[in-house]
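Chemist: The structure follows.
Protein chains in written order, with our numbering: chain A, 1 to 141; chain B, 142 to 282.
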């Protein structure tokens, strides 16, 4: 996973907090990237029913309440997979060695257990939680 | 983190299970890489007192009992950092936007909470656990 996940949370905070619908260009300026990168991410969010872009009105709106939108759902949408991936497996262990033959399924099992914990945490944390932390930080400015 | 972590666990299982000390070349053959890659990893493991290469005898030996060697310690050794890193932050948010200005510390906080859970899980899991799962899989062959 690259920085698309953190960019997606940034985008969703912008959309959730905007008083008028925001365009890809406006969002791109805040995220520090280009509008086409933003559109790739908003395309995925739209496909999963998280945001909408209304016909005739430029800009996006949130379809899910921030307190009901978990970071897990955002991650799954952006990664286009159900499972959170944390640790990579080496790909060419030697089948002729007994350790090499079994290492991938063994480490898959072990890593999956850890990734499931990360999934549970992401599920507990919502967009509203991120917005709340941001609000507190802004208040301290 | 690339596949060095999973390679390191593979290497340590080889060293722990070997009846005679194993050389980098022998280990590389099982991991499916070259001896110089193995030596980079064993260099870090040696520096942290996890393995030893004995003078006059080619090959490595384990200095820590497998049941006392947590995956967290292996990860920290290989990553050369205390903290498990899972999610990348986008690097150029716009300081002139209030969301852009606060997004990095906000997501750092949120991501750190999730990474701490992953750390706790890695701490609970030992090399002996991995060897035990492997033993069970080998038994089913």
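Backbone N, C-alpha and C define an ideal beta-carbon position, used for all residues, glycine too.
(1) Nearest CA to the CA of residue 260/B: which residue from 223/B, 243/B and 235/B?
(2) Restricting to runs no shorter than 3 residues, where is the beta strand (DSSP E) found entirely within the region 199–269 of chain B?
(3) When the Cα atoms are used, what is the spatial distance from residue 115/A to residue 74/A?
(4) Going along chain B in order, which residues have a C-beta closer than 8 Å to the C-beta of residue 7/A?
(5) Using C-beta distances below 6 Å, list every residue in its chain close to residue 234/B, excluding the 5 sequence neighbours before and after it, in chain order.
(6) May I ask you to list the residues that DSSP assigns as paired with residue 193/B?
(7) Under the rule that 16 or more other beta-carbon atoms within 10 Å means buried, what is residue 127/A, buried or exposed?
(8) Under 8 Å: do the region 55–71 of chain A and the region 8–27 of chain A share three or more Cβ pairs, one atom per stretch?
(9) Figure out for me which residue from 238/B, 227/B, 281/B and 217/B has the closest Cα to the Cα of residue 264/B.
(10) If you measure between the beta carbons of residue 152/B and residue 168/B, is that distance less than 7 Å?
(11) Determine the direct distance from the alpha carbon of residue 239/B to that of residue 141/A, and round the result to whole angstroms.
(12) Counting only beta-carbon separations shorter than 7 Å, does residue 95/A have a partner in chain B?
(13) Between residue 130/A and the rest of its own chain, which residues show a CB-CB distance below 8 Å, the 5 nearest in sequence each way excluded?
Modeler: From the atom records:
(1) 223/B
(2) 201–203
(3) 16 Å
(4) 231
(5) 241 and 244
(6) 202/B
(7) buried
(8) yes
(9) 217/B
(10) yes
(11) 10 Å
(12) no
(13) 9, 13 and 71
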